[in-house]
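Residue numbers (the numbering used here): 52 to 556.
Note that CB positions come from ideal geometry on N, CA and C, so glycine has one too.
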Amino acid sequence: MQRKQFIKITGATGAFTLLGGTSWLLQSCNNEQNKKDMLSNALKMIEGDFNTPLPAPPLFDLKNTKSFEAKQTPVEILKGKKTNVYGYYEGMLGKTYIVNNGDVINLQFTNSLPQVTNVHWHGLIIPSDMDGFPSRVTEPGGTFQYQFTINQRAGTYWYHPHPDMLTAEQVMQGLAGFFIVRDEEENALKLPNGESEIAFVIQDRRFKESGEFDYAPTDAEVMTGFFGNYMLVNGAYNPYKEVKAGWNRLRIINGSNARVYNLAFSNEQDFVVIGSDAGLLAAPETVKSILLSPGERIDMLVDFTNEANNDFFLQSEIFNGGGVQGREAFKIMKFKVGDKSNETFTLPAVLSVIKKINPSGASKTRTFDISNASMHRNDMKDSAVAKGTGKIKMGLHGINGISYDAAVMNETITAGATEIWEFNNSSGGQIHPMHFHGNHFQVLERSGKRGIIATETGWKDTVLVMPGEKVKVITTFSQLKGKYVLHCHNLEHEDSGMMLNFQIV
Ligand SMILES: [Cu+2]
Numbered sequence: 052m053q054r055k056q057f058i059k060i061t062g063a064t065g066a067f068t069l070l071g072g073t074s075w076l077l078q079s080c081n082n083e084q085n086k087k088d089m090l091s092n093a094l095k096m097i098e099g100d101f102n103t104p105l106p107a108p109p110l111f112d113l114k115n116t117k118s119f120e121a122k123q124t125p126v127e128i129l130k131g132k133k134t135n136v137y138g139y140y141e142g143m144l145g146k147t148y149i150v151n152n153g154d155v156i157n158l159q160f161t162n163s164l165p166q167v168t169n170v171h172w173h174g175l176i177i178p179s180d181m182d183g184f185p186s187r188v189t190e191p192g193g194t195f196q197y198q199f200t201i202n203q204r205a206g207t208y209w210y211h212p213h214p215d216m217l218t219a220e221q222v223m224q225g226l227a228g229f230f231i232v233r234d235e236e237e238n239a240l241k242l243p244n245g246e247s248e249i250a251f252v253i254q255d256r257r258f259k260e261s262g263e264f265d266y267a268p269t270d271a272e273v274m275t276g277f278f279g280n281y282m283l284v285n286g287a288y289n290p291y292k293e294v295k296a297g298w299n300r301l302r303i304i305n306g307s308n309a310r311v312y313n314l315a316f317s318n319e320q321d322f323v324v325i326g327s328d329a330g331l332l333a334a335p336e337t338v339k340s341i342l343l344s345p346g347e348r349i350d351m352l353v354d355f356t357n358e359a360n361n362d363f364f365l366q367s368e369i370f371n372g373g374g375v376q377g378r379e380a381f382k383i384m385k386f387k388v389g390d391k392s393n394e395t396f397t398l399p400a401v402l403s404v405i406k407k408i409n410p411s412g413a414s415k416t417r418t419f420d421i422s423n424a425s426m427h428r429n430d431m432k433d434s435a436v437a438k439g440t441g442k443i444k445m446g447l448h449g450i451n452g453i454s455y456d457a458a459v460m461n462e463t464i465t466a467g468a469t470e471i472w473e474f475n476n477s478s479g480g481q482i483h484p485m486h487f488h489g490n491h492f493q494v495l496e497r498s499g500k501r502g503i504i505a506t507e508t509g510w511k512d513t514v515l516v517m518p519g520e521k522v523k524v525i526t527t528f529s530q531l532k533g534k535y536v537l538h539c540h541n542l543e544h545e546d547s548g549m550m551l552n553f554q555i556v
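As structure tokens, then:
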């Protein structure tokens with residue numbers, strides 16, 4: 052960062068604190084020069100040597116293990132340096148759960164962190180009191196019994212913390228894990244498995260000289276979300292993965308706080324999207340690149356048959372991200388393709404049956420203004436700004452002009468009701484991946500040119516809403532009565548207020 056720009060940014064942060072208000076920040080955001088300064092300060096990605104093998108988090112042994120724990124341990128991510136990370140085991144991330152539909156989870160969770168936390172099972176349709184509601188937290192040293200039955204389709208789900216105003220920093224410190232559900236329908240497809248089924252989470256991080264994660268977002272960085280300049284995959288910096296020259300199945304989570312990736316291969320090869328957040332699509336769709344926003348997952352098949360003994364990269368390509376993101380291309384990980392595989396695989400024409408929800412059956416349409424509406428508020432209470440316990444202050448973002456308050460019930464929904472929810476970012480300047488708990492949804496329509504992309508043809512729990520867009524989703528709510536949240540999965544946005552409560556009654 053150039054010194055002149057640094058002074059401008061820190062000056063801006065200081066002024067925000069002194070004037071203590073969102074009205075000043077609104078002026079700052081509308082000021083073109085300030086906007087340019089924020090963008091010119093974006094860090095350039097620092098690429099590694101791609102010499103570290105891709106680690107796979109160990110599998111969670113559900114038969115013989117009755118507990119798990121969030122704790123801090125030191126690991127080596129950058130060569131010769133120590134990073135104290137958070138994880139659900141000894142290291143960054145957490146053990147991978149692989150369960151079958153119908154399995155029962157009954158685990159005692161222990162919080163061995165120095166701050167409150169909880170566990171949100173992202174994409175699982177489970178009772179409200181097991182779902183990691185932001186104000187239901189486990190104190191340091193405390194325990195909580197997570198108990199629920201898996202009752203949903205196969206898919207790549209994940210688990211991560213969700214405490215009010217502490218989610219961003221706890222995920223950044225390393226708390227996240229895979230929760231893979233299998234079922235008969237998916238098993239029958241005999242998709243590539245074993246060594247050819249590779250699950251990984253991509254995350255950007257910044258490091259201090261010492262090797263520790265550098266996470267101290269300024270107010271300007273809370274506005275856009277926080278970006279790192281080192282790409283980690285399963286906690287390893289720019290790793291490589293050896294694969295067979297045949298079909299491989301890649302299950303990818305975007306576990307980044309704010310960064311959207313435009314995933315593609317450096318050899319320009321096609322890949323086949325077979326699944327999304329909540330399992331298989333109806334039919335495979337072949338693409339050359341796809342956007343994956345924070346919280347979203349992609350399940351893809353990729354045929355490396357013609358790449359025997361070649362190396363190439365999974366990378367993120369330039370995309371139109373409303374001036375906020377997508378202006379830089381960078382490599383994420385290397386694939387080293389070995390000899391030809393002996394296994395044969397024929398891509399099925401049909402993957403699953405996805406019954407489209409008929410919009411005419413919707414009893415209600417709710418519109419959520421996500422154009423950073425809280426910036427227009429001048430009634431933000433000082434207490435709301437002051438109540439922050441973590442690194443991010445409440446109040447810079449909101450939904451419908453209101454920043455999150457765990458004690459307020461914003462929306463009430465009748466169990467079993469079919470509703471259309473519209474996320475309106477038409478006057479917004481930020482990227483918002485919108486996510487809600489307790490249900491899956493279908494994407495009905497998106498205004499503008501992007502249309503509905505391959506991953507959005509199946510069941511979703513997170514949908515990317517670009518600046519200028521309106522996106523409509525439809526769902527039939529479950530019978531699991533209780534409180535859940537709707538929020539932006541840009542975690543800096545979430546923690547500064549871009550979340551609301553809804554209850555199913
Ligand atoms: Cu957002």
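Is DSSP giving residue i helix, strand or coil here?
i                 : result
threonine 397     : coil
alanine 250       : strand
glycine 412       : helix
leucine 352       : strand
aspartate 546     : helix
aspartate 321     : coil
methionine 181    : helix
serine 79         : Note on serine 79: pLDDT 43, under 50, position unreliable in the model; the coordinate value appears next. The answer is helix: DSSP assigns serine 79 an H, G or I state.
alanine 468       : coil
alanine 51        : Here the chain covers residues 52 to 556 and nothing more, so residue 51 does not appear.
glutamate 260     : coil
glycine 330       : strand
glutamate 347     : coil
glycine 142       : strand
asparagine 357    : helix
glycine 245       : helix
threonine 161     : strand
phenylalanine 111 : coil
isoleucine 97     : coil
glycine 449       : coil
tyrosine 173      : It is worth fixing the name first, because residue 173 is histidine in this sequence and not tyrosine. Strand.
threonine 527     : strand
valine 536        : strand
phenylalanine 474 : strand
isoleucine 482    : coil
methionine 460    : coil
proline 567       : Here the chain covers residues 52 to 556 and nothing more, so residue 567 does not appear.
Report back the beta-carbon spacing between residue i and residue j to the nearest angstrom; my notes put them in contact at under 8 Å.
i              : j                 : result
threonine 134  : proline 108       : Wrong, their Cβ atoms sit about 16 Å apart, outside the cutoff.
leucine 94     : phenylalanine 278 : 6 Å
asparagine 476 : lysine 382        : No, asparagine 476 and lysine 382 are not in contact; Cβ-Cβ is about 30 Å, not under 8 Å.
glutamate 349  : isoleucine 303    : First, the residue type needs correcting, since residue 349 is isoleucine and not glutamate in the sequence shown. So it is a contact: roughly 5 Å between Cβ atoms.
alanine 333    : threonine 207     : Actually they do not touch by this definition, with Cβ atoms about 17 Å apart.
proline 559    : valine 167        : With the chain covering only 52 through 556, there is no way to say anything about residue 559.
leucine 240    : arginine 300      : Incorrect: roughly 10 Å between the Cβ atoms, too far for contact.
asparagine 552 : methionine 460    : 5 Å
leucine 175    : lysine 117        : With a Cβ gap of about 19 Å, leucine 175 and lysine 117 do not count as contacting.
valine 323     : asparagine 361    : So it is not a contact: roughly 19 Å between Cβ atoms.
leucine 495    : serine 403        : Not quite, the Cβ-Cβ distance comes to about 19 Å (not below 8 Å), so this is no contact.
lysine 511     : histidine 491     : 6 Å
Answer with buried or exposed for residue i, where buried requires no fewer than 16 other C-beta atoms within 10 angstroms of its C-beta.
i                : result
asparagine 244   : exposed
leucine 129      : exposed
asparagine 82    : Legend: pLDDT at asparagine 82 = 46, less than 50; position of this residue unreliable, no value from coordinates given.
valine 222       : buried
proline 104      : exposed
lysine 500       : exposed
glutamine 376    : buried
threonine 275    : buried
arginine 378     : exposed
valine 436       : Because the pLDDT of valine 436 is 41, which lies under 50, any placement of that residue in the model is unreliable, and the question is left without a value.
methionine 426   : With a pLDDT of 48 at methionine 426, under the threshold of 50, the predicted position of this residue should be treated as unreliable, and no value is reported.
leucine 531      : buried
phenylalanine 57 : Interpretation of phenylalanine 57 is limited by its pLDDT of 31, a score under 50 that renders its predicted location unreliable; no figure is taken from the coordinates.
leucine 110      : exposed
valine 401       : exposed
alanine 458      : exposed
Residues around ligand 1, please: the condition is that the C-beta lies closer than 6 Å to some non-hydrogen atom of it.
Listed along the chain, these residues meet the criterion: Gln481, His483, Cys539, Asn541, His544, Met549.
Pick out the complete beta strand (DSSP E) segments inside the region 270-319, 3 residues or longer, and give them in chain order.
Those beta strand (DSSP E) runs which fall completely within the region 270-319 and span 3+ residues are 281-284, 291-296, 298-305, 312-316.
Please give the ranges of any alpha helix (DSSP H) in the region 198-234, keeping only runs that are unbroken, at least 4 residues long and fully inside the region.
Counting only runs of 4 or more, we get 218-223.
Can you check the region 493-520 for any beta strand (DSSP E) of at least 3 residues that lies completely inside it and give the ranges in chain order?
For the region 493-520, whole beta strand (DSSP E) runs of length 3 or above, ordered along the chain, are 493-497, 513-516.
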